[in-house]
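So the structure is just underneath, and the comments pick up after that.
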Amino acid sequence: MPQSSFKIKLFSLLFTCLSMCVCAQKFDKASFYKAMESKDSTKINQQQLLLQNSSIKEKQAYEAVLLLKKSGIISNKRNKLASFKAGKIKLESAIEKDSTNAEYHFLRLMIQENAPKILGYHKELEKDNIYIRKNFKTLSPAVQQVVLSYSKQSKILSNITN
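In the numbering used here, the protein residues as written are 3 to 164.
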């Protein structure tokens, strides 16, 4: 067997094994938020794969935020902007479908607070800030912890209390 053919088969086998390992895992909010904190594209890609096989109700919002986060890591400017636009549309659609979901407002606030101002995606910051504060107790304990942790470095969501 030629060496290049062997390398291709080996790579295919490794990729298949990795995909099966990721697919065997279940989506977990703690892992999702850890990926969101990092600048590691591997962690973000892994969360995207997990979401593809998930049927959770927040799937669209989480996929959107991962696209938005990924846009900040991508080096190619065209792909960066395309990823940002796709994520923004998907997140706004998720919020439109379930505008009472405080976690969605938190996700949007995180993105808007950290997005470059030139992108013009920061108009809902104060609205989301108020909504999160008002509905903080409705969030799951895990998400409350994430909000509290994020608020320590946030300029707009500072001094939130549980």
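Even for Gly, the Cβ is constructed at its ideal location relative to N, Cα and C. All values reported here derive from a predicted model rather than from experimental measurement.
- Query: What is the DSSP secondary structure of Y152, counted as helix, strand or coil?
  - Reply: Secondary structure at Y152: helix, using DSSP grouped into helix, strand and coil.
- Query: Mapping DSSP to helix, strand and coil, what is K28?
  - Reply: Annotated three-state conformation of K28 is coil, per DSSP.
- Message: I'd like to know whether the C-beta atoms of N131 and L159 end up nearer to each other than 8 Å.
- Response: Yes, the Cβ-Cβ distance between N131 and L159 is below 8 Å.
- Assuming S163 and A104 form a contact by the criterion Cβ under 8 Å, report the distance between their Cβ atoms to the nearest whole angstrom. It is worth fixing the name first, because residue 163 is Thr in this sequence and not Ser. With a Cβ gap of about 15 Å, T163 and A104 do not count as contacting.
- Could you tell me whether the segment 101-116 touches the segment 62-72, where touching means 3 or more Cβ pairs closer than 8 Å? In this structure the segment 101-116 lies against the segment 62-72, because at least three pairs of beta carbons, one per stretch, are closer than 8 Å.
- Query: Exposed or buried, which one is F153 when buried takes at least 16 other CB atoms within 10 Å?
  - Reply: In the sequence as displayed, the identity of residue 153 is Ser instead of Phe. A residue is called buried when at least 16 other Cβ atoms come within 10 angstroms of its Cβ; S153 meets this threshold and is buried.
- Query: Using the rule of at least 16 other Cβ atoms within 10 Å of the residue's Cβ for burial, across every protein chain shown, is C23 buried or exposed?
  - Reply: Note that C23 scores a pLDDT of 44, beneath 50, so its modelled location is shaky; the value from the coordinates is reported in the next line. Exposed, because fewer than 16 other Cβ atoms sit within 10 Å of the Cβ of C23.
- Query: Between T44 and I75, what straight-line distance do the alpha-carbon atoms span, to the nearest angstrom?
  - Reply: A direct Cα-to-Cα measurement between T44 and I75 gives close to 11 Å.
- Closer than 7 Å: is that where the CB of K71 sits relative to any heavy atom of the ligand FAD? Within the structure as shown, the ligand FAD is missing, as the structure has no ligands at all.
- Could you tell me whether the segment 85-99 touches the segment 60-67, using the rule of 3 or more Cβ pairs below 8 Å? Segments in contact, yes.
- Buried/exposed call for E60, threshold 16 Cβ in 10 Å: Buried, because 16 or more other Cβ atoms sit within 10 Å of the Cβ of E60.
- Query: Could you check where the alpha helix (DSSP H) with E128 kicks off and where it finishes?
  - Reply: Here the alpha helix (DSSP H) through E128 covers L127 to K136.
- alpha helix (DSSP H) segment containing L51, residue limits: Residue range S43 to Q54 is occupied by the alpha helix (DSSP H) that includes L51.
- Unbroken alpha helix (DSSP H) run spanning A88, endpoints: Element bounds for A88: K79 to K99.
- Task: Might you give, ordered along the chain, the residues of its own chain that have their beta carbon closer than 8 Å to the beta carbon of L121, omitting 5 neighbours on each side?
- Result: Leaving aside the five residues that flank L121 on each side, the residues in its chain whose CB is nearer than 8 Å to its CB run, in chain order, F86.
- Task: Measure the C-alpha to C-alpha separation of L109 and S56 and round it to an integer number of angstroms.
- Result: Each residue's Cα considered, the two are about 19 Å apart.
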